[in-house]
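Chains as they are written, first to last, in our numbering: chain P, 1 to 204; chain G, 205 to 408. Cβ coordinates follow ideal geometry from the N, Cα and C atoms, glycine included. Because the structure is a prediction, the values reported are computed rather than measured.
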DNA sequence: ATATTTATGTATCAATCGCTACATAAATGG
DNA sequence: CCATTTATGTAGCGATTGATACATAAATAT
């Protein structure tokens, strides 16, 4: 596109990834421009020139997060042959991702900005929209299970999707509290125990 | 005790309740001294004279929260005749409390300070301790269910307590996202659906 | 070569942060 | 009455917040 002017001396995407890590660990409010610029290895004017504002940087960072960190988890929904396996793999991959010890624990989308009054409204709204999309993805997968005959016609896909999404949100806080992978998997087991009752397939 | 000196012109407990509401709505970081003092109807020097610091005020506020807002929910554990009813009532009261429209949504203990690096460490540590106590309370009630023969000897009380605590944490975020009481109760239904499988009492 | 364009790095900006010094007000003790 | 003690309210502390002005550097366009 535009190759005029002095070229940027840092990798825009690599710096964005560093910013994502800071937001992930500290949240939107807790991450200062000083924190961000230092982690990105640049000065604040370069940050503003490249990303616009703290808000815009956060929105880009969460988008990167969704595409890089979250993709694997949500791909499970599409790839699994049955709704039951889709939910189980979705939760198990969540447990694995949330307990990575070399990354901030829990989910940026879930924990990034929960207090609307103080954070800018746009930040909360964007995260809420992403959470709503995730809820929809779960519901769609369950509805596919109904359409394919795996689940009974009366299955309440909306309620079940709400339940599993809520479990995943809780796992973010559990992970922040230092829960081990085994503890997170115990939660997954609990959630999947609900499946049998909800689906009416009391097979075990 | 000491009745010397000019008497305080505001109700210390009433002002603390106002501070609790501000922390509840905005979180620890998001609540500024200006916000707090304004809501409490006092000036900041009076705030510091009466409570010591922002941290000390928060700790007092969360203690009040536990005793006033949380008591009803956790009393269910002791009062219910069976472990199953204890968990169900605990979750149903949570759903009711978290969806009160005239109060901040979700739980102060859960949402008040999730990002350790930015908030003072003591705040996060205190909230974590309270969450850990809650987890223990759940486990103890389940263990009582085992002792009383309601639950099988091999029942994993720790794992089940972790699961139900995680569901409750998730409900805080669900409530923050504007979930209706019905939606929260759908999550409760999901969690209780797990009970039957976990307890091995496939009665329905 | 010169003009133009964009990036970098220093040095801030006004606003707000948590917190407090200080003078005054209002109570009790002697 | 006067000293002591505690609370109130104004004013402002140093530090940090998100964001910029400005001079310089390094590239392309003509």
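In this structure, does DSSP put residue i in helix, strand or coil?
i                      : result
residue 155 of chain P : coil
residue 107 of chain P : coil
residue 279 of chain G : helix
residue 286 of chain G : coil
residue 263 of chain G : helix
residue 320 of chain G : coil
residue 403 of chain G : helix
residue 337 of chain G : helix
residue 352 of chain G : coil
residue 305 of chain G : coil
residue 255 of chain G : helix
residue 46 of chain P  : helix
residue 384 of chain G : coil
residue 273 of chain G : coil
residue 394 of chain G : helix
residue 41 of chain P  : coil
residue 408 of chain G : Reliability of the predicted coordinates at residue 408 of chain G is poor, the pLDDT of 37 falling under 50, and the value obtained from them is presented with this limitation in mind. The answer is coil: DSSP assigns residue 408 of chain G none of H, G, I, E or B.
Around the C-beta of residue i, are 16 or more other C-beta atoms found within 10 angstroms, so that it is buried, or is it exposed?
i                      : result
residue 34 of chain P  : exposed
residue 247 of chain G : exposed
residue 178 of chain P : exposed
residue 94 of chain P  : buried
residue 90 of chain P  : buried
residue 147 of chain P : exposed
residue 145 of chain P : buried
residue 68 of chain P  : exposed
residue 49 of chain P  : exposed
residue 292 of chain G : buried
Under 7 Å Cβ to Cβ from residue i, same chain only, skipping five residues before and after it: list those, please.
i                      : result
residue 307 of chain G : none
residue 259 of chain G : 324, 326, 327
Indicate whether residue i and residue j have their beta-carbon atoms separated by less than 7 Å.
i                      : j                      : result
residue 368 of chain G : residue 342 of chain G : yes
residue 380 of chain G : residue 304 of chain G : no
residue 337 of chain G : residue 287 of chain G : no
residue 375 of chain G : residue 302 of chain G : yes
residue 117 of chain P : residue 229 of chain G : yes
residue 390 of chain G : residue 159 of chain P : yes
residue 61 of chain P  : residue 23 of chain P  : yes
residue 373 of chain G : residue 329 of chain G : no
residue 80 of chain P  : residue 86 of chain P  : yes
residue 346 of chain G : residue 365 of chain G : yes
residue 31 of chain P  : residue 398 of chain G : no
residue 174 of chain P : residue 217 of chain G : no
With a threshold of 6 Å on Cβ separation, who are the neighbours of residue i within its own chain once the five nearest residues in sequence on each side are excluded?
i                      : result
residue 232 of chain G : 262, 316, 317, 323, 327
residue 296 of chain G : 392
residue 36 of chain P  : 19, 22
residue 127 of chain P : 109, 112, 113
residue 334 of chain G : 313
residue 356 of chain G : 404
residue 311 of chain G : 376
residue 267 of chain G : none
In chain order, what residues of the same chain lie with their CB nearer than 8 Å to the CB of residue i, ignoring the 5 residues before and after it?
i                      : result
residue 408 of chain G : Bear in mind that the predicted position of residue 408 of chain G carries a pLDDT of just 37, short of 50, making it unreliable; the figure below should be weighed with that in mind. Excluding positions up to five away in sequence, the list reads 400.
residue 39 of chain P  : 18, 19, 21, 22
residue 278 of chain G : 294, 338, 341
Legend entry - Entirely enclosed alpha helix (DSSP H) segments - the stretch 205 to 243 of chain G, minimum 4 residues: 216 to 234
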